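Take a look at the structure below.
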Amino acid sequence: MEARKDQYEAYVKSITPVHSTWKNVLMAGISGGLICLAAQISTNCLVQTGMEEKTAALWTMLGLILLSVILTGANVFQRLARVFGAGVLVPITGFANSVASPALEYKAEGQVFGVGCKIFTIAGPVILYGILSSWGLGVVYWGWMMLTQ
């Protein structure tokens, strides 16, 4: 029995990919920084055309979401995420990918039982706990303000 366990551990070790933490951190930092740089350049260009800064930032954000969804549909986003990791997954581009990916994957099952049921499988918990934590922190803030006045 011990020999099988050793064989299994050797097999798992042989197929487990080896990752360099420093390389991953560097690639994530570079790619995330480039996404932020491109977004800032886009926002600045829109502001220079006369658009308000908040409106320009909104259009830039929508552009990043659209680009992310298009890259997800073209099966390019997954390859970028494999190379750049958290750099493309942490910004809003990763959130857009987490909504678009299940929608594309389950579209063959129909609009209701495929796309409708599965679209928020990844993003749903993020939305749920984001809303709950913001509500909870809002209650704490309200309580703190009531005590300090």
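Taking my numbering, the leading residue of the sequence shown gets 3, the next gets one more, and so forth. Cβ coordinates follow ideal geometry from the N, Cα and C atoms, glycine included. Because the structure is a prediction, the values reported are computed rather than measured.
*Which whole-angstrom value describes the C-beta separation of alanine 30 and glycine 118, a residue pair presumed to lie in contact below a C-beta threshold of 8 Å?*
Contact check for alanine 30 and glycine 118: beta-carbon distance about 33 Å, past the 8 Å limit, so the pair fails to qualify.
_Buried or exposed for serine 70, going by 16 or more other Cβ atoms inside 10 Å?_
Result: buried.
*Near lysine 120, what residues of its chain come up, given a Cβ to Cβ distance below 6 Å and the 5 sequence neighbours on each side ignored?*
Correct list, in chain order: Pro104, Tyr108.
*Given that a residue counts as buried once 16 or more other Cβ atoms are within 10 Å of its Cβ, and exposed if not, what is leucine 73?*
Counting Cβ neighbours within 10 Å, leucine 73 comes out buried, since at least 16 surround it.
*Tell me whether proline 19 sits in a helix, a strand or coil according to DSSP, three-state version.*
Reduced to three states, the DSSP call for proline 19 is coil.
_Beta-carbon gap between isoleucine 94 and isoleucine 67 smaller than 8 Å_ = With respect to the 8 Å criterion, isoleucine 94 and isoleucine 67 are classified as neighbours on the basis of their beta carbons.
*Exposed or buried, alanine 98, counting other C-beta atoms within 10 Å across all chains shown (16 or more means buried)?*
Buried, because 16 or more other Cβ atoms sit within 10 Å of the Cβ of alanine 98.
*asked:* Checking 8 Å against the spacing of the C-beta atoms, do glycine 116 and alanine 125 come in under that value?
replied: In this structure, alanine 125 does not lie closer than 8 Å to glycine 116 by Cβ.
*Kindly indicate which residue of Leu82, Ala76, Cys47 has the alpha-carbon position closest to the one of alanine 102.*
Considering only alpha carbons, the answer is Ala76.
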